[in-house]
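**Q** The sequence shown runs 1 to 454 under the numbering used here. Each residue gets a CB set at the ideal place from its N, CA and C atoms; glycine is no exception. Starting off with a structure, shown below.
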Amino acid sequence: MNSPATTSRLRAAWPYIAVFLLALSCSCLHMLRYRPMSPIDELRHLDYAVKISNGNLTYTGDKLGEIAMREESCRGLDLGGWVDPPCDTPVLDPVGYRDDGWQTASPHPPLYYLGAGILGRVLSTLGITSSYLEGARFFSGLITALGVTLIFHVLRKLKVSTYAAAGCSLALMVFPSVLHSSAIVTPDAASLLVGATVAWATIKFLDRSISYRVLAVVGLFAGAVKLTNLLAAAAAALFLVVSSEVVNDVRQRKLLPETKRRLIGAALIFGCALATTLLWLIVDSARATIDPSIIPQNALNRFEGLPPLDFLIYPDVAMRWLPPSDNYLHVNFLPEPILLFRSLTTTLFAGVAMACLFRARRSSRALQYGAVGAVVALLGSPLFSLVTTVYTSTLVRPEGRYGLSLAPLFVIALGAQAETRIGRRILGTYGLVVVGSVIVMLMIATSAPVPLAP
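This is the structure we're talking about:
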């Protein structure tokens, strides 16, 4: 017979298990329905994972390997008009693939790829999956589900009801930036987990439940996954600053111990994330064997100087991450009901984040963090374009998936609105209906076909 303590723990755990399984179901169903390789550089990401699991680190100037090329040739690329070398070609030539077969993923740190590569290798070796790709994709699904579950946990710590927290967290699965990334090999799949971990650590730091050391490790983790996860660290640093009494302390020319502690924490989490990112970029640049400008996609997007102002303030750039919802998703997975829920959820997240700017007060951490998310999303997108243009001499539009580490803050902003019993019921019901619709859509959708050549 179970003891009362065991029963209590099980009762507390089941909402977490349910949220995790619902999020993972969306990812797994997408994997089952999506046979071709994604055009979002999945070939490069898979090649990186394969090589690092063999103890080899890719670099700028490296060419695609046989395993990854064979996967794309046999599965096809989800890009109409492009034809890869035939699957039965004895020896595949990297030049026959996009960007002349150059490996372009090396600027990303290796942490995500190490996990995807090891799981892909283990599952395929044990015969659990039929190919390396399937195991690596499953890793993306696992960490996305963990990210959604951790967001749910953060909302519970912010006193949001279980029902509303579950609905707010699971509503993210309707976004292509989340759903597609969770079912392919891409470091973007880790962004939800990174953003949620940073938010959790920041709140625990305010409660004095974790030390500077733990905060530093979280910052290192954010920077070790992908450069764009600096957004989550920047938001955490800004939140620690604005939630302190720094303005009053400066006026009085005396910093209180708690203000000093928060300022140190802000510098620590962002500084560690930034240092990790810069260190990897330096290492990658030092290991390069070619000038990156000769890679076709870099040559196509070549741009000298600063990006034009009209580009930076164009709504599709300036508001790209408000919220970070856009990404590629196969047309077979976009029936009318899903498009409707996607539009409604995007509007809802954007609206509540902006509302937090007007409602933020020191007594509500959720409202403050939601307001910070809106500010970083609005400023971060054009700043990303500016920095990448200066650093790489290429002009690129910030994709929605680049801002995914900010998504937990939009969920926090939404959860902060659940102040009444009716509001909590509406949010919880809406989110569960959304994720249920995504699951049903993926169950009945026609599998994504391999595009035919024109």
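When the Cα atoms are used, what is the spatial distance from A171 to H153?
**A** As a first step, residue 171 must be located in the sequence shown, where it is residue number 171. As a first step, residue 153 must be located in the sequence shown, where it is residue number 153. Approximately 15 Å, taken between the alpha carbons.
**Q** Buried or exposed for D99, please, with buried defined as at least 16 other CB atoms from any protein chain shown within 10 angstroms of its CB.
**A** As a working note, residue 99 is residue 99 in the sequence shown. Classification for D99: buried.
**Q** So I143 and L193 are supposed to be a Cβ contact under 8 Å. How far apart are they, rounded?
**A** The residue you call residue 143 lines up with position 143 of the sequence shown. The residue you call residue 193 lines up with position 193 of the sequence shown. About 5 Å separates the two Cβ atoms, so the contact holds.
**Q** Tell me the residue span of the alpha helix (DSSP H) that contains V214.
**A** Your numbering for residue 214 matches position 214 in the sequence shown. Start and end: Y212 to G223.
**Q** Is the region 159-168 in contact with the region 411-431, if contact means three or more CB pairs nearer than 8 Å?
**A** Verdict: yes, contact present.
**Q** Applying the 10 Å Cβ sphere with the 16-neighbour rule, what's the burial state of A12?
**A** Locating residue 12 in the sequence shown gives position 12, counting from the first residue. Per the 10 Å Cβ criterion, exposed.
**Q** Apply the 10 Å Cβ neighbour rule to L452 and answer buried if 16 or more other Cβ atoms are within range, or exposed otherwise.
**A** On the sequence shown, position 452 is the one that residue 452 refers to. Since pLDDT at L452 reaches only 46, below the 50 mark, its modelled position is unreliable, and the value read off the structure follows with that caveat. It is exposed - the Cβ of L452 has fewer than 16 other Cβ atoms within 10 Å.
**Q** Determine which residues share a DSSP beta bridge with K157 and list them.
**A** Position 157 of the sequence shown, counting from 1, holds the residue named residue 157. In the DSSP output, where bridge partners are listed per residue, K157 has none listed.
**Q** Please say whether G115 and C28 have beta carbons closer to each other than 7 Å?
**A** The sequence position of residue 28 within the sequence shown is 28, counting from 1. The sequence position of residue 115 within the sequence shown is 115, counting from 1. Their beta carbons are not under 7 Å apart, which means C28 does not touch G115 by this criterion.
**Q** Under 7 Å Cβ to Cβ from H108, same chain only, skipping five residues before and after it: list those, please.
**A** The residue you call residue 108 lines up with position 108 of the sequence shown. Excluding positions up to five away in sequence, the list reads P187 and K226.
**Q** Name the two residues that bound the continuous alpha helix (DSSP H) containing G61.
**A** By 1-based counting over the sequence shown, the position of residue 61 is 61. No alpha helix (DSSP H) contains G61, which DSSP labels as neither H nor E.
**Q** Assess, as a yes-or-no matter, whether the region 221-238 is touched by the region 176-185 under the definition of 3 or more beta carbon pairs within less than 8 Å.
**A** no
**Q** Report the rounded CA-to-CA distance for M1 versus S8, giving the unit in angstroms.
**A** Locating residue 1 in the sequence shown gives position 1, counting from the first residue. Locating residue 8 in the sequence shown gives position 8, counting from the first residue. A caution first: M1 carries a pLDDT of 47, below 50, which makes its placement in the model too unreliable to give a value.
**Q** Hey, A377 and C356: beta-carbon distance below 7 Å or not?
**A** The residue labelled residue 377 in the question sits at position 377 within the sequence shown. The residue labelled residue 356 in the question sits at position 356 within the sequence shown. No, they are not a contact pair.
**Q** Would the beta-carbon of P39 fall within 7 Å of that of G76?
**A** As a working note, residue 39 is residue 39 in the sequence shown. As a working note, residue 76 is residue 76 in the sequence shown. No, the Cβ-Cβ distance between P39 and G76 is not below 7 Å.
**Q** Using 7 Å as the threshold, is the C-beta distance between L256 and D249 below it?
**A** Reading the sequence shown from its first residue, position 256 is the one you call residue 256. Reading the sequence shown from its first residue, position 249 is the one you call residue 249. Cβ distance < 7 Å, so L256 and D249 count as in contact.
**Q** With 16 other CB atoms within 10 Å as the buried threshold, where does R251 fall?
**A** Your numbering for residue 251 matches position 251 in the sequence shown. With fewer than 16 other Cβ atoms within 10 Å, it is exposed.
**Q** Which residue comes first and which comes last in the alpha helix (DSSP H) that contains F349?
**A** Mapped onto the sequence shown, residue 349 falls at position 349. Start and end: E336 to R359.
**Q** Please state if the CB of P324 and the CB of A407 are separated by a distance shorter than 7 Å.
**A** Numbered from its first residue, the sequence shown carries residue 407 at position 407. Numbered from its first residue, the sequence shown carries residue 324 at position 324. In contact: A407 and P324 (Cβ atoms closer than 7 Å).
**Q** In whole angstroms, what separates the C-alpha of S181 from that of A145?
**A** Numbered from 1 along the sequence shown, position 181 holds the residue referred to as residue 181. Numbered from 1 along the sequence shown, position 145 holds the residue referred to as residue 145. Inter-residue distance for S181 and A145 is about 12 Å (C-alpha atoms, whole angstroms).
**Q** What is the DSSP secondary structure of R320, reduced to helix, strand or coil?
**A** Walking along the sequence shown from the start, residue 320 turns up at place 320. Note: R320 maps to coil in three-state DSSP.
**Q** Which residue's Cα is closest to the Cα of R488: H30, V317, K157 and G61?
**A** An answer regarding residue 488 cannot be provided, because it is not within the stretch 1 to 454 covered by the chain.
**Q** Could you check if N327 is buried or exposed, using at least 16 other CB atoms within 10 Å of its CB as the buried criterion?
**A** As a working mapping, residue 327 is identified with position 327 in the sequence shown. Looking at its Cβ environment, which holds 16 or more other Cβ atoms inside 10 Å, N327 is buried.
**Q** So, with DSSP's three-state summary, where would you put L77?
**A** Stepping through the sequence shown from its first residue, residue 77 is reached at position 77. DSSP places L77 in strand when its eight states are reduced to three.
**Q** Measure the alpha-carbon distance for P454 versus G80 and round it to whole angstroms.
**A** Locating residue 454 in the sequence shown gives position 454, counting from the first residue. Locating residue 80 in the sequence shown gives position 80, counting from the first residue. Residue confidence is low: P454 scores 39 on pLDDT, short of 50, so the model does not pin down where it sits. Its coordinate-derived value is still stated next. P454 and G80: Cα-Cα distance of roughly 8 Å.
**Q** Going by C-alpha distance, which of L123, A267 and M69 is nearest T89?
**A** On the sequence shown, residue 89 is found 89 positions in, with the first residue counted as 1. With distances taken between CA atoms, T89 lies nearest to M69 out of L123, A267 and M69.
**Q** What residue range is occupied by the uninterrupted alpha helix (DSSP H) comprising E258?
**A** For the purposes of this step, residue 258 is identified with residue 258 of the sequence shown, where counting begins at 1. Start and end: P257 to R287.
**Q** With a CB to CB cut of under 6 Å and the five nearest residues on each side skipped, what residues in its chain are close to T289?
**A** Counting from 1 along the sequence shown, the entry for residue 289 is found at position 289. Hits under 6 Å: G61.
**Q** Using only the alpha-carbon positions, how far apart do P292 and V19 sit?
**A** Residue mapping note: residue 292 aligns to position 292 of the sequence shown, counting from 1. Residue mapping note: residue 19 aligns to position 19 of the sequence shown, counting from 1. Taking the straight line from one Cα to the other gives about 42 Å.
**Q** In whole angstroms, what separates the C-alpha of P15 from that of L404?
**A** Residue 15 sits at position 15 when you count from the first residue of the sequence shown. Residue 404 sits at position 404 when you count from the first residue of the sequence shown. Taking the straight line joining both Cα atoms gives about 24 Å.
**Q** To the nearest whole angstrom, what separates the beta carbons of A318 and I269, a pair I think is in contact under 8 Å?
**A** Counted from its first residue, the sequence shown places residue 318 at position 318. Counted from its first residue, the sequence shown places residue 269 at position 269. Contact doesn't hold; Cβ gap of about 26 Å is too wide.
**Q** Distance, Cα to Cα, N54 vs S106?
**A** The residue labelled residue 54 in the question sits at position 54 within the sequence shown. The residue labelled residue 106 in the question sits at position 106 within the sequence shown. Their Cα atoms are separated by approximately 16 Å.
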